[in-house]
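Residue numbers (our numbering), protein chains in the order written: chain A, 1 to 317; chain B, 1 to 507. We treat Cβ as the ideally placed atom computed from N, Cα and C, and that holds for glycine. As the structure is a computational prediction, the values presented were derived from the model and not from experiment.
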Amino acid sequence: MNILHPLLNPILALFLAPLLPGIINRTKAIVAGRTGQPLLQLYYDLFRLFQKSAVYSLTVSPIFKAGPLVGLACIVMGLTLVPMGGIPSLFGFAGDLVVLAYLMGLARFFTVAAALDTGSAFEGMGASREVQFSVLAEPALLLGLAAISQVGLIRPLTALPTAIPLESLSEMLARLSMSVWMADGTVLLLTSAALFIVMLAENCRIPVDDPTTHLELTMIHEVMVLDHSGPDFGMILYAAALKLWIFLALLAGLLIPVRTGNFWMDGASILIGMVVIAIGIGVIESINGRLRLIRVPQLLAGALVLSVMALVMVLWG
Amino acid sequence: MSDNLSNLFSMPNGHAVDIKSLDRLNISQFQETVMNGIGQGLRISAMFAHPVSSDGLRIWAILTHDRQSLVVPVYTDLKTRCYPSLTPQCPQVQGFEREMFEQWALRPEGHPWLKPLRFHDAYGNTGLSKSCQSPVMGVTDFFRVAGEDVHEVAVGPVHAGIIEPGHFRFQCHGETVLHLEIALGYQHRGVERHLIGGPNSRTIHYMETLAGDTTIGHATSYCQAIESLSGARPSLRALALRGVALELERIANHVGDLGALSGDVGFLPTMSYCGRIRGDVLNISALICGNRFGRGLICPGGVAFDMDGQRASELRRRLDDVEADLNSAIDLLWKTSSVMARFEGTGALSRDLCDQSGLVGPVARASGIERDIRQDFPLGIFQYTQIPICTGDSGDVFARAYVRWLEIQRSIMFIREQIGTLPDGNSVQPAADLLSDHLTVSLTEGWRGEICHVALTDDQGRFRHYKIVDPSFHNWIGLAMALRGQQISDFPLCNKSFNLSYCGHDL
């Protein structure tokens, strides 16, 4: 494998991630019969925001300014740990999935802290919701990834789960060829479903959150960033697009069992998979209403149950 | 009507009465009469005060008897500036008492939550403290809940959407709303004050813009009042065209609301389609009179635009298109379980509460109350054609949405029938001078509910006082009550299911 190949994912992500929300929005517009916004809208927005200067309230502390910066830094670091199917990540080490989960956790912590820093009733409400939901989303993500780590291993019958060595995300995903799918399809489907729900929640998509709403009282993620402006807000939008990219890359790596060893073919299949999933999100958002906020934990608990089932099946099934 | 009320003068909707022929009651008789009426199922459609001498004020109460189609105007003269409040026994007068307090410093003793309604200066020098004489916009007491984990959320008056200003103060426990208080007044223009001494060439324009989305409703109410005071009799053709315009207004607004409700739960297809279809319906109004909101169509004595056969068939064709599009767009709403899960059980209002608070329109009908001016107090074309009342029973967001959909269908049938059998006649009859010293009450079922206009003329036949009650005035308290015990994240949805007017309330 070429030494430059692991650079593919971070480089593509940094340039193409803002396209993903564009694809979702185009899908929604087409399904609803609207003209809709252009595919490249987020690029225009980012360009506009980075030319502006930020406005800060007199009551905020440096935490507020650190929020978007730390958030973006965490997500970019996370990006270097994410493989694209058979193409390994830039950095990979045993247990890097835990680091990935908690890099996103750290980003969330700083977003929440910055939101609370404003002292606004809206933002406090959003922060409370975000934290409440992440309590359920985080274990679903970790257990789902743990289940994948056990798929396709050739184990002696006597081996205990603890005897299996930890691997990196790249190694885990590189193993998921067509034959593994045939053998352990159920586990992979359960995990994919769990990760898909977590992806919807983490990226504030319908049915958990409504990214297009202007109603502060119903928002979760959007309301926490109401007071950010200019480049700060640009960083938040950019980090959100990158985060979506991370989740879609993981999901596509899971769902597309193309492991030819051919760099171009593997890479292209994962990219196409990501676009298809993005269109799928757009379709889901077009034909579904939002859940009532008190029902969201039930959905996330469902994702957790799916992950646990997958893990149980792969360990003792 | 039983003993106490049967002695009183009563009249149908849109009739005028000589004020001198009405008995003056003293304050205790007055309040006894009002309470008696409420006890027998009458409602208070309007209550207001105006000066009669240098220091005396006259309080009017317009009681309406839905089942007998009768309007009962009663009044009393007050020399003092205080009287015992009726609100504790009769919650539906709370807004009216606050209004009179703010305008004339008439203090209702025992009112449980006496504070300004619109934050304007008191009319005339009341000799009160400065905070009462000229309150500062939005600066007032708000009901507060104290305790562990309770927090307060203030929304507005500047909102995220392009809507009117209003302030909402939530007392929350976590995500649950314990209490919502609504403070309005930001849109106050002083319209009623400007109408005194009229009618003049400006009057109809004030009426058409009382609440921009209820142009036809308010203009119709006003013209009915003028016609009853001047004895003008619009032709049947004019009445039919007024009815068509009124129902088009209802369809356009109900369609817009259903789309907005759909948007609030993140369901995009119906939102997008309804936004477009609402425009199509507004364009039908423009086909009749050249204005999408029907401005300039209704005038005293009839309608300012007649309809020829070609235009009528074009209207029918467009209405057919609208109906077909709507059927598919709205069907999608009821068939999507994720939407129904949000609508059902959200913001439910009991029938009792609607009755006590005197709510009107689709909001009251969604709770099972058969209250519709078109049937209860038929005037104009509705004297000759009936539109069946549409009611729900659950009183929640779903019921309010579904009642709107039923009304859209009924209105389309009505318009088709009227356009098909448009009678002959002049579109407008010249209006004569107004009777002097008369009072008239004109009720119209606007798309939000009962619109009540009360005109009093002086000895010259000019307006001595003109009282307007928009349905929003009755219904805002309903929204506050509907939110109790609900999730704060459901507020936008509940709010949209009421879709009340800020400027119609603030006038």
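Taken atom to atom, the span from the alpha-carbon of A:F47 to that of B:H179 is near 43 Å. Counting only runs of 4+ residues, the alpha helix (DSSP H) found wholly inside the stretch 80-133 of chain B occupies 94-104, 130-133, in chain order. If the five residues before and after A:G119 are omitted, its C-beta is found closer than 7 Å to the C-beta atoms of T59, all from its own chain and listed in chain order. Here the stretch 132-146 of chain B lies against the stretch 111-122 of chain B, with 3 or more beta-carbon pairs under 8 Å apart. In terms of Cα proximity to B:T220, the closest of B:S201, B:V244, B:I488 is B:V244.
At a cut-off of 8 Å between beta carbons, B:L268 contacts chain A.
A:S89 and A:L169 do touch by the CB rule: their CB atoms are close to 6 Å apart, below 8 Å. Contact annotation: B:G95 and B:I477 have beta-carbon atoms nearer than 8 Å.
The DSSP-derived three-state label of A:Q37 is coil. Shown here for B:I196: same chain residues with a beta carbon closer than 6 Å to its own, the five before and five after excluded, namely F463 in chain order. Contacts with chain B (Cβ-Cβ distance below 8 Å) from the stretch 200-220 of chain A involve I206, P207, D210, T212, T213, H214, L215, E216, L217, T218, listed in chain order. From the listed residues B:P91, B:N7, B:G124, the smallest Cα separation to B:L106 is found for B:G124. Residue burial annotation: B:Q103 is buried, with at least 16 other C-beta atoms found within 10 angstroms of its C-beta. In summary, B:N253 is buried, with 16 or more beta-carbon neighbours lying within 10 Å of its beta-carbon over all protein chains present. Annotation for B:W447: no beta strand (DSSP E) segment contains it, and DSSP assigns it neither H nor E. The Cβ neighbour count for B:D264, taken over all protein chains shown within 10 Å, is at least 16; the residue is labelled buried.
Residue pairing by DSSP puts B:L63 in a beta bridge opposite B:I44, B:V72. Within the stretch 21-40 of chain A, the residues whose Cβ lies closer than 9 Å to some Cβ of chain B are K28, A29, V31, A32, G33, R34, listed in chain order.
By the neighbour-count criterion, in which a residue is buried when 16 or more other Cβ atoms sit within 10 angstroms of its Cβ, A:N2 is exposed.
Cβ-Cβ distances below 7 Å link A:L311 to L143, A146, A147 in the same chain, with the five nearest sequence neighbours on each side left out; the list follows chain order. In the three-state DSSP reduction, A:P88 falls in the coil class, being neither helix nor strand. Note that the C-beta distance between A:A54 and A:D232 is below 8 Å.
By the neighbour-count criterion, in which a residue is buried when 16 or more other Cβ atoms sit within 10 angstroms of its Cβ, B:Q418 is buried. Counting C-beta atoms within 10 angstroms of its own C-beta, B:C223 has 16 or more neighbours from the protein chains shown and is therefore classed as buried. Taking 8 Å as the threshold, the shortest C-beta distance from A:S286 to chain B falls below it. Per DSSP, the continuous alpha helix (DSSP H) segment holding A:A301 begins and ends at 296-316. Below 8 Å, too few C-beta pairs join the stretch 150-167 of chain B and the stretch 82-96 of chain B to call them touching: fewer than three.
Leaving aside the five residues that flank B:D459 on each side, the residues in its chain whose CB is nearer than 8 Å to its CB run, in chain order, S436, D437.
C-alpha of B:T385 to C-alpha of B:P362: approximately 20 Å in a straight line. Leaving aside the five residues that flank A:G22 on each side, the residues in its chain whose CB is nearer than 7 Å to its CB run, in chain order, L39, L40, Q41, L42. Taking all protein chains shown into account, A:I206 has 16 or more neighbouring C-beta atoms within 10 Å of its C-beta and is therefore buried.
Among the residues of the stretch 479-492 of chain B, those with a Cβ less than 9 Å away from any Cβ of chain A are Q487, I488, S489, D490, F491, P492, in the order of the chain. Distance from A:R108 to A:E123 at the Cβ level is roughly 14 Å; contact not present, criterion being Cβ atoms closer than 8 Å. Close partners of B:D264 in chain A (Cβ separation under 8 Å): T213, L215, T218. Annotation note: the stretch 287-326 of chain B contains no uninterrupted alpha helix (DSSP H) run of length 4 or greater. A contact between stretches requires three or more CB pairs, one per stretch, nearer than 8 Å, and the stretch 372-379 of chain B meets this requirement with the stretch 4-15 of chain B.
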